[in-house]
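Trainee: Below you will find the structure I want to go over with you.
In our numbering, the protein residues as written are 6 to 85.
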């Protein structure tokens, strides 16, 4: 099973789409809200070198920004 972490923030429509996408395809994930969690914000910027949401970490691969095509590829979801 792949470990998925989603870095998000409130009022982020692309974050909501990624959440829905993961849910629709049956993936569980850990969500870290960078607005409310300074530790998560620091992880995102320092460890993963990302300054945007959504950022999704799948195992050790970083997908920064809204990229459903890349998420599908990494999660082995066939194109629709």
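No residue lacks a Cβ here, since even glycine has one placed at the ideal position from N, Cα and C.
Small disclaimer: the values here were computed from a predicted structure and weren't measured.
(1) What span of residues does the alpha helix (DSSP H) with residue 22 cover, start to end?
(2) Around the C-beta of residue 44, are 16 or more other C-beta atoms found within 10 angstroms, so that it is buried, or is it exposed?
(3) Tell me whether the segment 10-18 and the segment 55-73 touch, counting them as touching only if at least three CB pairs, one residue from each stretch, are closer than 8 angstroms.
(4) Are there 16 or more other CB atoms within 10 angstroms of the CB of residue 49, so buried, or fewer, so exposed?
(5) Going by CA-CA distance only, name the one from 83, 23 and 84 that's closest to residue 70.
Mentor: With the structure as the only source:
(1) 18-29
(2) exposed
(3) yes
(4) buried
(5) 23
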